[in-house]
Amino acid sequence: MDKIIIRGGKRLKGALPVSGAKNAALTLLPCALLTDEPLTLRNLPRLADIDAFQHLMNQFGVSTTIAGSRPGDFGRVMTLEATRITSPVAPYELVRKMRASILVLGPMLARMGEATVSLPGGCAIGNRPIDLHLKALEALGAVIELTAGYVRAIAPDGGLPGGRYSFPVVSVGATENALMAAATARGRTTLHNAAREPEIVDLCNLLAAMGAVIEGIGTSDLTIHGVPRLHGATYRVMSDRIEAGSYACAAAITGGEVLLKNAVIEEMEATVQALRDAGVHVEPQAGGIHVAADGPLRAVTLATAPYPGFPTDMQAQLMALLCRAEGASVLTETIFENRYMHVPELNRMGAHIETRGRTAVVHGVPQLTGAEVMATDLRASMSLVIAGLAAEGESQVHRLYHLDRGYERLEEKLALLGADVERVGAD
Ligand code: UD1
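Numbering-wise, the working numbering puts 260 at position 229 of the sequence shown, and it's gapless, one number per residue.
Okay, here's the thing in structure tokens:
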């Protein structure tokens, strides 16, 4: 298994292209199931999760072609064509590798009148149930059966009537499934307390480009007027606000200065506010966001929350940055119950972090030291890379496959900024 070696202490400086958003791409790809015409997605990041999703779509009989992938390019263009769907089943071998597979449930049900998806099971950052996905689809008229580790959804009269659902807690994935299922329902659907993450807005915009009629885009009350059919479209995936925030933390911990090209400040206000509270300068600049850190870092207190709150996907990376702040920061994780797996690893690098339940107290230290570390999820792995960039000496971050799931060409991007990083195959 590959690992990344980081020799810390280099000040990051330069311009960095922010890739297309993984979490948006993984909900835009299944929209290809909703039409028999081609769907072309531009600015797709080159990531293991995208390859896995492509594989899943092929399994259904969807053809996929990729263009614009010269060596050295960031991003790709993929055209998906679901002229005929040969199987409505998402099997265990594919779903277990990628939780986002559950996002085929709604669009497959809408297109075929039935869908069968393996239950994704637990995952490293908590239980992550899918009950809300199923309840929302039931509210739209689906009949749900659970058998032998699979969920089977059926539209009794060949199509969904549509309906009303109020989410008891905000769920990004369940909102996405409900939106895709509702787009071609016979009647009107209203979703209340829906997630309003920028990735949901991206999904709504793609569905609208395919002919869907959605009111309330960007709010937590969505009304979807079902249309008989959707058509093909060409669409550009939004920029990755989590990747941008991660590199902002990486630059800041080294006292560096970077331009995050293509990053959209309006989509990451909570992250920008947290960085500013920590003493980092963050300003919009033509074509991106400028980040600079020149003074001491300050402690911050915040809790993760659904958008527009501070994203759970940025918690680990911000924590790494705050390891070097003056004073004690207090972070509370409200979305997932088990998302502090980076804490013992950061402590092995000389950090001083205490956790109690969902709260972590980060006592700033004057220096971090390099170590061999590994993490069990994507964002936790990135937090170790961030710490390694500022640490004295050499760090080795193992299990690089987590980072390959979500950070396009991490080591190349860090090298663009002057970091001393090297990817090596483990012996
Ligand atoms: C979540 C994050 C998203 C992040 C992604 C990957 C939120 C609101 N969502 O999205 O920003 O990009 O992880 O890290 O921050 N839940 C249920 N039943 C369900 C679905 C969810 O109880 O059927 C609960 C979850 O356990 C969690 C909360 O609802 O506590 C939010 O989960 P959800 O938004 O659905 O998770 P993701 O879509 O994976």
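For glycine and all other residues, C-beta sits at the position ideal for the given N, C-alpha and C.
By the neighbour-count criterion, in which 16 or more other beta carbons inside 10 Å mark a residue as buried, residue 360 falls on the buried side. Within the model, the alpha-carbon separation for residue 183 versus residue 381 is close to 49 Å. Short of 7 Å from the beta carbon of residue 333, and not among the five residues preceding or following it, lie these beta carbons of its own chain, in chain order: 305, 341 and 362. In its chain, beyond the 5 residues on either side, 108 and 267 have a beta carbon closer than 6 Å to the beta carbon of residue 73. Of the heavy atoms belonging to the ligand UD1, none sits nearer than 7 Å to the Cβ of residue 218. Taking 8 Å as the cut-off, the Cβ atoms of residue 344 and residue 410 count as close.
Look at the beta carbons and you see the stretch 310 to 320 not touching the stretch 382 to 391: under three pairs across the two are nearer than 8 Å.
DSSP places residue 432 in no beta strand (DSSP E) but in the uninterrupted alpha helix (DSSP H) bounded by 432 to 437. For residue 373, the uninterrupted alpha helix (DSSP H) segment begins and ends at 373 to 379. DSSP places residue 368 outside both helix and strand once states are collapsed to three, so it counts as coil. Comparing C-alpha distances from residue 369 to each of 349, 443, 339 and 407 shows the shortest one belongs to 407.
Put simply, of 251, 241 and 254 the residue whose alpha carbon is nearest the alpha carbon of residue 261 is 241. Looking at the backbone, the Cα of residue 115 and that of residue 65 are separated by about 11 Å. When DSSP states are grouped into helix, strand and coil, residue 166 belongs to the helix group.
Cβ-Cβ distances below 8 Å link residue 89 to 95 in the same chain, with the five nearest sequence neighbours on each side left out; the list follows chain order. CA-CA distance, residue 120 to residue 148, rounds to 6 Å. Relative to the non-hydrogen atoms of the ligand UD1, the Cβ of residue 97 never comes closer than 7 Å to any of them. Within the stretch 255 to 335, the complete beta strand (DSSP E) segments at least 3 residues long are 264 to 267, 288 to 292, 312 to 316, 319 to 323 and 332 to 334, listed from N- to C-terminus.
Taking 7 Å as the cut-off, the C-beta of residue 204 counts as close to a heavy atom of the ligand UD1. Here residue 230 is buried, its C-beta having at least 16 other C-beta atoms within 10 Å.
Judged by DSSP in its simplified three-state form, residue 410 adopts helix.
Not one heavy atom of the ligand UD1 lies closer than 7 Å to the C-beta of residue 339. For residue 143, same chain residues with a beta-carbon under 7 Å away, outside a window of 5 residues either side, are 116 and 119 in chain order. Ranked by Cα distance from residue 448, the options 414, 427 and 287 are led by 287. Take the alpha-carbon of residue 128 and the one of residue 178: they are about 20 Å apart. In the DSSP assignment, residue 48 falls within the beta strand (DSSP E) that extends over 44 to 48. Take the alpha-carbon of residue 371 and the one of residue 347: they are about 8 Å apart. Distance from the Cα of residue 76 is smallest, within the candidate group 106, 190, 92 and 91, for 106.
With respect to the C-alpha of residue 415, the residue from 58, 339 and 277 having the closest C-alpha is 277. Residue 250 sits in coil when the DSSP states are folded into three classes, being neither helix nor strand. Remark: the C-beta of residue 315 is outside contact range of the ligand UD1, defined as less than 7 Å to any heavy atom. Look at the stretch 148 to 227 and you find these whole runs of beta strand (DSSP E), each 3 residues long or longer: 174 to 178, 181 to 185, 195 to 197 and 219 to 223.
Within the stretch 50 to 108, the runs of beta strand (DSSP E) that reach at least 3 residues and sit entirely inside it are, in chain order, 70 to 75 and 94 to 98.
The Cβ atoms of residue 419 and residue 39 sit closer than 8 Å to each other. For residue 139, there is no enclosing beta strand (DSSP E); the residue is found in the alpha helix (DSSP H) stretching over 136 to 143. The residue from 317, 439 and 44 with its alpha-carbon nearest to that of residue 282 is 44.
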